[in-house]
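Let me begin by presenting the structure, written as C-alpha cells, before commenting on it.
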Amino acid sequence: MIPEVRAGIDIQRVRADFPILARTVNGRPLVYLDNAATSQKPRAVLDAIASYYTTINANVHRGVHELSGQATDAYEAARERIRAFFNARSIHEIVYTRNATEGINLVAYAFLRPNLRPGDEVLITAMEHHSNIVPWQIVCEGTGARLRVAPVDDRGELQLDEFERLLTPRTKIAAITHMSNALGTVTPVREIVRLARAQGVPVLIDASQAAYHMRIDVQAIDCDFLVATGHKLYGPTGIGVLYGKEARLDAMPPFMGGGDMISSVSFERSSWNVLPYKFEAGTPHIAGAIGLHAALDYIENIGFEAIGMHERELLEYGTSVLESIDGLRLIGTAPNKASILSFVMDGVHPHDIGTIVDREGVAIRTGHHCAQPVMERFGVPATARASLAMYNTRDELDALGRALRKVREVFAS
Amino acid sequence: MSDLSDLYQEVILDHNRRPRNFHALGDASHSAEGYNPLCGDRLTLYVKLEGDTIADVSFEGAGCAISKASASMMTDVLKGRSVAEANALFDRFHRMVTTPPGEVVEDMGKLSALAGVREFPVRVKCASLAWHTLKAALNRERRTSTE
Chain A
257 MIPEVRAGID
267 IQRVRADFPI
277 LARTVNGRPL
287 VYLDNAATSQ
297 KPRAVLDAIA
307 SYYTTINANV
317 HRGVHELSGQ
327 ATDAYEAARE
337 RIRAFFNARS
347 IHEIVYTRNA
357 TEGINLVAYA
367 FLRPNLRPGD
377 EVLITAMEHH
387 SNIVPWQIVC
397 EGTGARLRVA
407 PVDDRGELQL
417 DEFERLLTPR
427 TKIAAITHMS
437 NALGTVTPVR
447 EIVRLARAQG
457 VPVLIDASQA
467 AYHMRIDVQA
477 IDCDFLVATG
487 HKLYGPTGIG
497 VLYGKEARLD
507 AMPPFMGGGD
517 MISSVSFERS
527 SWNVLPYKFE
537 AGTPHIAGAI
547 GLHAALDYIE
557 NIGFEAIGMH
567 ERELLEYGTS
577 VLESIDGLRL
587 IGTAPNKASI
597 LSFVMDGVHP
607 HDIGTIVDRE
617 GVAIRTGHHC
627 AQPVMERFGV
637 PATARASLAM
647 YNTRDELDAL
657 GRALRKVREV
667 FAS
Chain B
-10 MSDLSDLYQE
0 VILDHNRRPR
10 NFHALGDASH
20 SAEGYNPLCG
30 DRLTLYVKLE
40 GDTIADVSFE
50 GAGCAISKAS
60 ASMMTDVLKG
70 RSVAEANALF
80 DRFHRMVTTP
90 PGEVVEDMGK
100 LSALAGVREF
110 PVRVKCASLA
120 WHTLKAALNR
130 ERRTSTE
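Chains as they are written, first to last, in my numbering: chain A, 257 to 669; chain B, -10 to 136.
Listed below in C-alpha cells is the structure:
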C-alpha cells in the first residue's frame, strides 16, 4: 500500500514543538504574529543550547583538553550546517557574525571603504531596512561617495528598469534586500545580480527576512555577499551569518582585531588567520552557533516546500481576512510577496491598533519597522504589521480579524 | 488585567477625534518639537508667554490617540496659567502616569482620564510626550524626545 504523500505540514505537531506557543497573554491564548521581528524557538534549539552548556562548554580553537575539542567540533559542525543550508561552496565562505547588521557593517568597512573614492556610488532600494541603509551612509559620508536609491512602485515592487539605470561604472556595490520586512515584497535577486554583474558591480543580498521563508542558494543567486540572522531562522539571538565569495573575502582586510583572527602576533606586526577566522575576532557566540545548527536542522526537517505552501496559503487567507475589515488598507501588495501583512486603518493610529489587539492576545508590530523611508514612500507615519511563520494557523488570523473588529468598535464610539 | 475602556475613555477618544488648539501659533514666543521614536509620534508645541502667563498654547502633529488626546487636553488646561503652575502640573501629571497600577493617584480633574495608561506601560510615553515637549519649549530647547 502506497502511503498518501502530503506536502503540507502537520501544524499541530509543529506547534507542539514551540513551547512558548502554549502560553497565554492577557488571559487569551498567545497569537504570535510578529515573526518578522523575531521568530519563536523550537524545543530542539533550546535543548541544543542547554546541552552545550551542561555537557561540553569550553572555549573554541584554543585548548588541547577534551571539552575544548568537543566544543570546537560542535561549533564547526554548525558552520558546515550553515554552508549546506545556503549551498555555499566552502566553509571558508561562512563567517559568523552577531546578526545581519554586523555582516553588512563588515562588508561596508572591510570591503567597500578601502576602495571608495569621492563620486563613487552605493546602490540600494527604497525598501531597505535601516541596517542596509545606515552602514553605507556612514561609509559614504567618510569618503565623499554617494548613496543611490532604486525606487519601488505603488504596490511595493522594485522598479527593475530604474535599478538597471542606476547601475553605472561609479557603482561600487549594490546592497539589496531579498524580502522587505515592511512590505513583504520578494525581490528578483537572480535578475538583480545578473544586471549588476553585467556592469561589474558586486552585490550584497540582505536575506534576513527571506531566509526563513524560502530556500536560498548563494551559488544560484551568484551574489558576492549575503547576510542572514539566526533569530529569525528560529534560532537564538546574537548569532548571524555573512556569506562571501572566497575570492572577495580573501582580498579583504580584517574587520575587527583580536584573538582567533590572527596567525601570529608580535609588537612589530601581526598576520591574519585563514578564512573565515580572519573575520572572527574574540570568543564567539558558541552556544548561538550550536543553537542555530539545531534550528536549521529543524527547518530542513519540515522542508521549505511544505513551509512555503503553508505560508502562502496563510498569506492568502490573512489577506482576505484583512480586506474584510472596514477602512483597512494594505501597504505592500506586490505580486511576489511573502508572509507579511502591513496595513493602516482609517482614523486609527497603528499604535492604538497594537495596544487593542494585544489585549486580545494578538502580538503584532506597529511603527516604522526600522524602515522609515518605506513609510515616507507610502505616505504613512507607521503601519501595523502581522507577519507569519510556519507555526501560524488560520484560526490565529481569524483571531486577528476579531481583534481588528474590536479596534473598529473602540474607535467608532 | 485592566479593561481597554480604562485607556480609551470617551473623553480621550473625543479629544483624538476633535483635538483642541490643533494649529500653529503665528505669534508664539516659545515652541518645541516632540518625538517618540517608538511609534513615530511627532508634535510641535507652541506657547505664547505674556510676562509669566501662558496667554495661548497650541500644537500640531501626528500621533496615536493617547498622545494626541494628551496634547489636546494639556493645551486646554494650560491657558492662563503661570509658568510655575505649568511646571507644577507637569510634576503632578508625571507622578500620575508613572504611579504603579493599583496605587492611589491624585485627582487631576479632566486630566485624570489619562491615568489609565498606567495599566499599559508602553503607552506612558505617548501620554507624556506633550508634557515633555512643553518643558522643552519653556526651557527653550528646540527638540525633545521621550527616549
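Glycine included, every Cβ here is placed at the ideal spot set by N, Cα and C.
This one's a predicted model, so the numbers in the text were calculated from it and none came from an experiment.
Legend entry - Cα-Cα separation, A/Phe419 to A/Asn343: Position 163 of the first sequence, counting from 1, holds the residue named residue 419 of chain A. Position 87 of the first sequence, counting from 1, holds the residue named residue 343 of chain A. Taking the straight line joining both Cα atoms gives about 27 Å.
Inset, instruction - For the region 484 to 491 of chain A and the region 352 to 360 of chain A, state whether three or more C-beta atom pairs, one from each stretch, are separated by less than 8 Å. - result: yes
Legend entry - Test: B/Glu136 CB closer than 8 Å to a CB of chain A: Translated into the one-based positions of the second sequence, residue 136 of chain B becomes position 147. With a pLDDT of 47 at B/Glu136, under the threshold of 50, the modelled position of this residue cannot be trusted; read the value that follows with caution. No, B/Glu136 does not count as interfacial toward chain A.
Legend entry - Sub-8 Å separation of A/Ser670 and A/Gly588 beta-carbons: Because chain A is modelled from 257 through 669, residue 670 of chain A falls outside the range shown and cannot be assessed.
Inset, instruction - May I ask you to report which of helix, strand or coil DSSP gives A/Pro637? - result: As a first step, residue 637 of chain A must be located in the first sequence, where it is residue number 381. Coil at A/Pro637, not helix or strand.
Inset, instruction - For B/Pro89, count neighbouring Cβ atoms within 10 angstroms of its own Cβ and tell me buried if that reaches 16, exposed if not. - result: The residue given as residue 89 of chain B occupies position 100 in the second sequence. Flag for B/Pro89 reads exposed.
Inset, instruction - Mind checking which residues open and close the beta strand (DSSP E) that includes A/Phe419? - result: Counted from its first residue, the first sequence places residue 419 of chain A at position 163. Where A/Phe419 is concerned, there is no enclosing beta strand (DSSP E), although the alpha helix (DSSP H) it sits in stretches over 416 to 422.
Inset, instruction - Reducing DSSP to helix, strand and coil, say where A/Arg495 ends up. - result: On the first sequence, position 239 is the one that residue 495 of chain A refers to. Here the sequence assigns Ile to residue 495 of chain A, which means Arg is not the residue at that position. A/Ile495 falls in the coil class under three-state DSSP.
Legend entry - Residues from the region 38 to 55 of chain B in contact with chain A, defined by Cβ distance under 8 Å: Cβ contacts with chain A come from Ala51, Gly52, Cys53, Ala54, Ile55.
Inset, instruction - Find out if the Cβ-Cβ distance for the pair B/Leu118, B/Ser56 is shorter than 8 Å. - result: Residue numbering aside, residue 118 of chain B sits at position 129 when the second sequence is read from its first letter. Residue numbering aside, residue 56 of chain B sits at position 67 when the second sequence is read from its first letter. Contact: yes.
Legend entry - Continuous beta strand (DSSP E) assignments of at least 3 residues falling wholly in the region 586 to 619 of chain A: 596 to 601
Inset, instruction - Would you list the residues sitting across from A/Arg337 in a DSSP beta bridge? - result: Position 81 of the first sequence, counted from the start, is the residue given in the question as residue 337 of chain A. Answer by DSSP bridge pairing: none, since A/Arg337 is not bridged.
Legend entry - Where A/Thr441 falls, given that 16 or more other Cβ within 10 Å makes a residue buried: Here residue 441 of chain A corresponds to residue number 185 of the first sequence, with the count starting at 1. It is buried - the Cβ of A/Thr441 has at least 16 other Cβ atoms within 10 Å.
Inset, instruction - Count the C-beta pairs between the region 598 to 618 of chain A and the region 558 to 567 of chain A that are closer than 8 Å, then say yes if the count reaches three, no if not. - result: no
Legend entry - Assigned exposure category for A/Leu323 - 16 Cβ within 10 Å defines buried: Working through the first sequence from its first residue, we reach residue 323 of chain A at position 67. A/Leu323 comes out exposed.
Legend entry - beta strand (DSSP E) segment containing A/Leu653, residue limits: For this step, residue 653 of chain A is matched to residue 397 along the first sequence. No beta strand (DSSP E) holds A/Leu653; the alpha helix (DSSP H) holding it covers 650 to 668.
Inset, instruction - Return the first residue and the last residue of the alpha helix (DSSP H) that B/Glu138 is part of. - result: There is no way to answer for residue 138 of chain B, as the model of chain B reaches only from -10 to 136.
Inset, instruction - Flag this pair as touching only if the region 280 to 298 of chain A and the region 615 to 624 of chain A have three or more C-beta atom pairs under 8 Å; answer yes or no. - result: yes
Inset, instruction - Check whether the Cβ atoms of A/Ile265 and A/His566 lie closer than 8 Å to each other. - result: Numbered from 1 along the first sequence, position 9 holds the residue referred to as residue 265 of chain A. Numbered from 1 along the first sequence, position 310 holds the residue referred to as residue 566 of chain A. Yes, Cβ-Cβ distance for A/Ile265 and A/His566 is below 8 Å.
Legend entry - First through last residue of the alpha helix (DSSP H) which encompasses A/Ser520: Translated into positions along the first sequence, residue 520 of chain A becomes position 264. Segment 518 to 521 is the beta strand (DSSP E) holding A/Ser520; no alpha helix (DSSP H) there.
Legend entry - Residue range of the alpha helix (DSSP H) that includes B/Glu49: The residue given as residue 49 of chain B occupies position 60 in the second sequence. Counting along the chain, B/Glu49 falls outside any alpha helix (DSSP H), though it belongs to the beta strand (DSSP E) covering 42 to 51.
Legend entry - Where B/Leu2 sits in the DSSP three-state scheme: Translated into the one-based positions of the second sequence, residue 2 of chain B becomes position 13. If DSSP states are grouped into helix, strand and coil, B/Leu2 belongs with the helices.
Inset, instruction - Just the chain A side, please: which residues come within less than 7 Å of B/Arg112 by C-beta, in chain order? - result: Here residue 112 of chain B refers to the residue found at position 123 when the second sequence is read from its first residue. Thr611, listed in chain order.
Inset, instruction - Report yes or no: is there a C-beta of chain B within less than 8 Å of the C-beta of A/Thr622? - result: Within the first sequence, numbered from 1, the residue matching residue 622 of chain A stands at position 366. So yes, A/Thr622 belongs to the interface.
Legend entry - Span separating the alpha-carbon of B/Met(-10) from that of B/Glu108: If you number the second sequence from 1, residue -10 of chain B lands on position 1. If you number the second sequence from 1, residue 108 of chain B lands on position 119. Note that B/Met(-10) scores a pLDDT of 46, beneath 50, so its modelled location is shaky; the value from the coordinates is reported in the next line. Between B/Met(-10) and B/Glu108, the C-alpha separation is close to 8 Å.
Inset, instruction - Could you tell me whether any Cβ in chain A is nearer than 8 Å to the Cβ of B/Phe153? - result: With chain B covering only -10 through 136, there is no way to say anything about residue 153 of chain B.
Legend entry - Cross-chain neighbours of A/Asp409 in chain B, by beta carbon under 7 Å: Position 153 of the first sequence, counting from 1, holds the residue named residue 409 of chain A. None at all; the shortest Cβ gap to chain B is about 24 Å.
Legend entry - Cβ of B/Gly29 within 8 Å of any chain A Cβ: Looking up residue 29 of chain B in the second sequence gives position 40. By this cut-off, B/Gly29 is an interface position.
Legend entry - Residue interval of the alpha helix (DSSP H) (run including A/Ala431): If you number the first sequence from 1, residue 431 of chain A lands on position 175. Segment 427 to 433 is the beta strand (DSSP E) holding A/Ala431; no alpha helix (DSSP H) there.
Inset, instruction - Say whether chain B places a C-beta atom closer than 8 Å to the C-beta of A/Ala356. - result: Residue 356 of chain A sits at position 100 when you count from the first residue of the first sequence. It does not: the Cβ of A/Ala356 has no partner Cβ on chain B nearer than 8 Å.
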